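Enquirer: I have a structure here, written as structure tokens, and I will follow up with some questions on it.
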Amino acid sequence: MSVGIVLVSHSPALAGATAEMAGSLAGSDVTIAPAGGTDDGEFGTSIELIRAAIATADSGDGVCVLMDMGSSVLTAKTLLGELEDEDDAPRVQLADAPFTEGAVAAAVLAATGQDLDAVTRAAQDAWTMRKL
Numbered sequence: 005m006s007v008g009i010v011l012v013s014h015s016p017a018l019a020g021a022t023a024e025m026a027g028s029l030a031g032s033d034v035t036i037a038p039a040g041g042t043d044d045g046e047f048g049t050s051i052e053l054i055r056a057a058i059a060t061a062d063s064g065d066g067v068c069v070l071m072d073m074g075s076s077v078l079t080a081k082t083l084l085g086e087l088e089d090e091d092d093a094p095r096v097q098l099a100d101a102p103f104t105e106g107a108v109a110a111a112v113l114a115a116t117g118q119d120l121d122a123v124t125r126a127a128q129d130a131w132t133m134r135k136l
């Protein structure tokens, strides 16, 4: 098992492509679930798509969620608040990270078997890669 990754984007295509890229670099041991767009496939965010992606990505080791911007952050935070009230909810952490670089860093570290805290930190540390 490994930490799962959820990618929340306003764009279904962006979430899917980023998941595909991160997955190709991390390998098949990591579940990366895109949650892009609204329930009807338009641009926006959906709390239900994020909830379903978390359920898909959760193998028992926790889920790291990365968001692209704006309302995707608010929607993910709202869901996190709801999950805190559920007894059997998966362990979820939101990463304040650049979307693409953070997704790759999180997925690659998750593939090495690191725990949720380390995977989330790796995603967040991807900000420093932009400063090189």
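Counting in the numbering used here, the sequence shown runs from 5 upward without gaps. Here a beta-carbon is modelled for each residue, glycine too, at the ideal position from N, C-alpha and C. Small disclaimer: the values here were computed from a predicted structure and weren't measured.
1) Find out if the Cβ-Cβ distance for the pair residue 8, residue 72 is shorter than 8 Å.
2) Roughly how many angstroms separate the alpha carbons of residue 44 and residue 126, rounded to a whole number?
3) Please report the straight-line C-alpha distance between residue 76 and residue 55, rounded to a whole angstrom.
4) Is the beta carbon of residue 78 sitting closer than 8 Å to the one on residue 101?
5) How is residue 13 classed by DSSP in three states: helix, strand or coil?
6) Residues in its own chain within less than 8 Å of residue 128 by CB, not counting five upstream and five downstream?
7) Answer yes or no: do residue 67 and residue 96 have a C-beta to C-beta separation smaller than 8 Å?
8) For residue 86, which option in 31, 30, 52 has the closest C-alpha, if you only look at C-alpha atoms?
9) What residues in its chain sit with their C-beta under 7 Å from that of residue 133, if we drop five residues either side in the sequence?
10) Measuring CA to CA, which of 19, 31, 60 is closest to residue 46?
11) How would you call residue 32, buried or exposed, if buried means at least 16 neighbouring beta carbons within 10 angstroms?
12) Can you have a look at residue 39 and say buried or exposed, based on whether 16 or more other CB atoms are within 10 angstroms of its CB?
13) Looking at the C-beta of residue 120, does it have a partner C-beta in chain D at a distance below 8 Å?
14) State the DSSP-derived secondary structure class of residue 93, mapped to helix, strand or coil.
Expert: Working from what's here:
1) no
2) 33 Å
3) 13 Å
4) no
5) strand
6) 99, 100, 101, 106
7) yes
8) Measuring from the Cα of residue 86, the nearest candidate turns out to be 52.
9) Within its own chain, the residues whose Cβ lies closer than 7 Å to the Cβ of residue 133, once the five positions on either side in sequence are excluded, are 105, listed in chain order.
10) 19
11) exposed
12) buried
13) Checking the listed chains, one finds no chain D in this structure; it contains a single protein chain.
14) coil
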